[in-house]
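Listed in order, the protein sequences are those of chains A and B.
Using numbering that gives the first Met the number 0, you'd call the opening residue of the first sequence number 0 and step up by one each time.
Using numbering that gives the first Met the number 0, you'd call the opening residue of the second sequence number 0 and step up by one each time.
Beta carbons are placed, not taken as given, at the ideal position from N, Cα and C, and that holds for glycine.
Please read these numbers as outputs of a predicted model, since none were measured by experiment.
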Amino acid sequence: MAKVKGRVSFQEERCKGCELCTIFCPTKIIIIDKNRINAKGYHPATVKEMDKCIGCANCAMICPDIVITVEREMGK
Amino acid sequence: METIFRKTEGLTDALFHYCPGCTHGIIHRIVAETLEELDVLGKAIGVAPVGCGVLAYEYFNCDMYQAAHGRAPAVATGIKRVHPDNIVFTYQGDGDLASIGTAEIVHAAHRGEKITTIFVNNTIYGMTGGQMAPTTLIGQKATTAPYGREVAHAGYPLRIAEMLATIQGAAFVERVAVNTPANIRKAKNAIRKAFETQIKGEGFSIVEVLSTCSTNWGLTPIEALKWLEENMIPYYPLGNFRTPGR
């Protein structure tokens, strides 16, 4: 398990499904949820395996719509 | 758990109207974060352009004004001279700044106006539907250059940062890109230095930000970032062209 634990939360109603966050996630845990659709009509980005998140904030840095909030906890 | 990234106070809660994957949102965010971090939101006055960025006044959580096409540096000059203690910035695209507004930006720099310009270069007229701009690359297709830009017909793309760097009044000139998280961090650093140049009263400051227009380039947002890296950065090299005291 990674030493640094992170948690990301997505404000899905802001997401436009552009997929930029998915390519810059080093652990490749962000996916576009094709089974759901938000009020703007886009498939939102989401995380399936949150325990793999390292809280690097790359996704939030590249997100053009400020969908993502990032939390981080330093492991022992 | 400690929150290490949240939406900045420098932006309103309004949803951006930009196309999916448009890097305007990233540039708005890093400018707003910089204003918040410098603690100048309460005295910042922005001037929005004509172009896709025209609605920037809905998004920045500070006083905003909206200028006629290309005239943002002239309007910002007036605001700054009347309110010298305020932090004044313009936010302009390449159709606005590098074409119809070239006289305004050159002379604002020439006079050494103590304003900051965020110049978003995506090599095309975005809002009006993808026409050729002065910054459109050789061979790049646009609705008014369906076979690609030809030098014999339209000349070479204009390098604004290099041009303004020859002007003595332009104290801080840097070109950055927002195609990767690392470049976004560097871009934010440059924007911070530009605003600090203004705060110290050292002269005119401009940051040219290489941006994408996936809709008018006919690419996906991911392909557009790659296109920026492979085509724009070789012609528009990143780096600092002028810093006060150097």
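| Query | Result |
| --- | --- |
| Spatially closest choice to residue 72 of chain B from B:54, B:97 and B:84, by CA coordinates | B:97 |
| Any C-beta of chain B under 9 angstroms from that of residue 18 of chain A | yes |
| Beta-carbon proximity check, residue 89 of chain B vs residue 116 of chain B, cutoff 9 angstroms | yes |
| Residues near residue 230 of chain B in its chain [Cβ-Cβ closer than 8 angstroms; skip 5 each side] | 136 and 139 |
| Span of the beta strand (DSSP E) around residue 90 of chain B | 86-92 |
| Between the CA atoms of residue 42 of chain A and residue 185 of chain B - distance to the nearest angstrom | 31 angstroms |
| Pairwise C-alpha distance: residue 196 of chain B and residue 94 of chain B | 26 angstroms |
| Residue 14 of chain A versus residue 13 of chain B: straight-line alpha-carbon distance, rounded | 13 angstroms |
| Cβ of residue 6 of chain B within 9 angstroms of any chain A Cβ | yes |
| Span separating the alpha-carbon of residue 3 of chain B from that of residue 3 of chain A | 13 angstroms |
| Test: residue 190 of chain B CB closer than 9 angstroms to a CB of chain A | no |
| Contact under 9 angstroms by Cβ, residue 120 of chain B with residue 208 of chain B | yes |
| Residue 109 of chain B Cβ short of 8 angstroms to the ligand NAD heavy atom set | This structure does not include the ligand NAD; it has no bound ligands of any sort. |
| One or two residues paired with residue 44 of chain A in a DSSP bridge | A:31 |
| Reduced DSSP category for residue 63 of chain B - H, G, I as helix; E, B as strand; rest coil | strand |
| Near-chain B residues of the segment 26-56 of chain A (beta-carbon distance less than 9 angstroms), N- to C-terminal order | 39, 41, 54, 55 and 56 |
| Residue of A:22, A:57 and A:44 minimising C-alpha distance to residue 32 of chain A | A:44 |
| Environment of residue 60 of chain A [buried if 16+ CB atoms lie within 10 Å] | buried |
| Boundaries of the beta strand (DSSP E) in which residue 237 of chain B is found, first to last residue | First-last for residue 237 of chain B: undefined, no H or E at that position. |
| For residue 228 of chain B, the first and last residue of its enclosing beta strand (DSSP E) | Element bounds for residue 228 of chain B: n/a, residue is neither H nor E. |
| Paired residues, beta bridge with residue 124 of chain B - DSSP | B:130 |
| Of the residues B:79, B:24 and B:227, the one placed nearest residue 53 of chain B, counting alpha carbons only | B:24 |
| Buried or exposed by the 16-neighbour rule on C-beta atoms within 10 Å, applied to residue 150 of chain B | exposed |
| Rounded straight-line distance, which links the Cα of residue 7 of chain A to that of residue 37 of chain A | 18 angstroms |
| Cβ pair residue 44 of chain B, residue 64 of chain B closer than 9 angstroms | yes |
| Integer Cβ distance of residue 247 of chain B from residue 68 of chain A, believed to fall under 8 angstroms | Nothing can be reported for residue 247 of chain B, as the shown portion of chain B is limited to 0 through 245. |
| Buried/exposed call for residue 84 of chain B, threshold 16 Cβ in 10 Å | exposed |
| DSSP three-state assignment for residue 221 of chain B, whether helix, strand or coil | helix |
| Beta-carbon neighbours of residue 17 of chain B, restricted to chain A and to distances below 9 angstroms | 15, 63 and 64 |
| 8 angstroms Cβ cut-off: residues of chain A touching residue 24 of chain B | 62, 63, 64 and 65 |
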